[in-house]
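Asks:
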Amino acid sequence: MKAVIFDLDGVIVDTAKYHYLAWSNLANELGFTFTKDDNELLKGVSRIRSLEILLSIGNVTLSDEEFTRYAEKKNDEYIKLIEQLTPNDILPGVKDFILRIKKEGYKISLGSASKNAQFILDHLELTNLFDAIIDGNSVSKAKPDPEVFIAAANALGVDPKNCIVFEDAVAGIEAGKNAGMRVIGVGEKDVLTQADRVITTFENLSLDYLEA
Ligand code: B16
Ligand code: MG
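In terms of the numbering used here, the sequence shown has 52 at position 61, counting the first letter as 1, and numbering is strictly consecutive.
The structure is reproduced here in structure tokens:
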């Protein structure tokens, strides 16, 4: 049996702009500026680790209580923004690609760091297409640890070596390789150097590409 595991943010939909808006508002409140370049460091990274990185950029220390409160505040703002997501926000070619590989007998799973993955998939009306959904609520170790992808392979009952991962983040590509899977990067070749292959879009992506 063969399987394809999809990362969510940056692969199926791009909510990086909403994460950025919520994180930069938080930084402003704490008295520093958080730039778009800084935001690149948070892609594929868990919420808690993201806040740690943000605070180190601003040289800010918080008590545990404040830390939890700010993480919740950021998430509340992010959720308000992603409530507006609709199927029109699915990245070009993704849904068609999923439908084509399912027809070919591939099992499919989500492998995302986000605790909001289910909410996002529901808004995109994609939930029913997945045989398994593994997200930030089901795992404890963040990418580049392979836990999320191994859990996806286990949920599908597919050997990791027969799984192909689609990922947009450097940490996620490392996680896929650490899981013993083939990894296709979604984005720029010079950034995603550890991927077995890199694509820029799912539009007109041939299924032969998966077999090669
Ligand atoms: P949440 P992915 C990741 O999703 C995002 O890339 C990353 O920017 C975000 O911090 C992380 O989810 C956690 O998200 O706050 O919603 O739990 O790319 O792994 O699908
Ligand atoms: Mg991602």
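The C-beta atom is built at its ideal place from N, Cα and C for all residues, glycine as well.
Leaving out the 5 sequence neighbours to the left and right, which residues in its chain are closer than 8 Å to L90 when beta-carbon positions are compared?
Replies: As a first step, residue 90 is located in the sequence shown; it is residue number 99 there, counting from the start. Excluding positions up to five away in sequence, the list reads L120.
Asks: Give a yes or no on whether 7 Å exceeds the smallest Cβ distance from D(-2) to chain E.
Replies: The structure shown contains no chain E; it is built from a single protein chain.
Asks: Across which residues does DSSP place A(-6) in a beta bridge pair?
Replies: Residue mapping note: residue -6 aligns to position 3 of the sequence shown, counting from 1. BP columns for A(-6) point to K98 and C154.
Asks: Could you tell me which of P83, K86, K65 and F(-3) sits nearest to L12, measuring between CA atoms?
Replies: By 1-based counting over the sequence shown, the position of residue 12 is 21. Of the candidates P83, K86, K65 and F(-3), the one whose C-alpha sits nearest the C-alpha of L12 is K65.
Asks: Helix, strand or coil: how does DSSP classify I48 here?
Replies: Locating residue 48 in the sequence shown gives position 57, where the first residue counts as 1. Correct three-state label for I48: helix.
Asks: What residues in its chain sit with their C-beta under 8 Å from that of W14, if we drop five residues either side in the sequence?
Replies: Mapped onto the sequence shown, residue 14 falls at position 23. For W14, where only same-chain residues beyond five positions count, the Cβ hits under 8 Å are F25, N30, L33, S41, L45 and K65.
Asks: Of all the options D28, Y61 and E20, which has the alpha carbon lying nearest to the alpha carbon of R38?
Replies: If you number the sequence shown from 1, residue 38 lands on position 47. Nearest of D28, Y61 and E20 to R38, Cα basis: Y61.
Asks: Helix, strand or coil for G35? Go by DSSP, reduced to three states.
Replies: Translated into positions along the sequence shown, residue 35 becomes position 44. It is coil, neither helix nor strand.
Asks: For P135 and A162, what's the separation of their Cα atoms in angstroms?
Replies: Here residue 135 refers to the residue found at position 144 of the sequence shown. Here residue 162 refers to the residue found at position 171 of the sequence shown. Distance between the alpha carbons of P135 and A162: 5 Å.
Asks: Quick check: what's the CA-CA separation for L82 versus S54?
Replies: Against the sequence shown, residue 82 aligns to sequence position 91. Against the sequence shown, residue 54 aligns to sequence position 63. If you take the alpha carbons of L82 and S54, they lie about 39 Å apart.
Asks: What do you reckon, is the C-beta of S47 under 6 Å from a heavy atom of the ligand B16?
Replies: To locate residue 47, count along the sequence shown from 1; it is residue 56. Answer for S47: no, Cβ out of range of the ligand B16.
Asks: Where do the N-terminal and C-terminal ends of the beta strand (DSSP E) with A123 fall, by residue?
Replies: In the sequence shown, counting from the first residue as 1, residue 123 sits at position 132. Looking at the DSSP string, the run of the beta strand (DSSP E) that includes A123 is A123 to I125.
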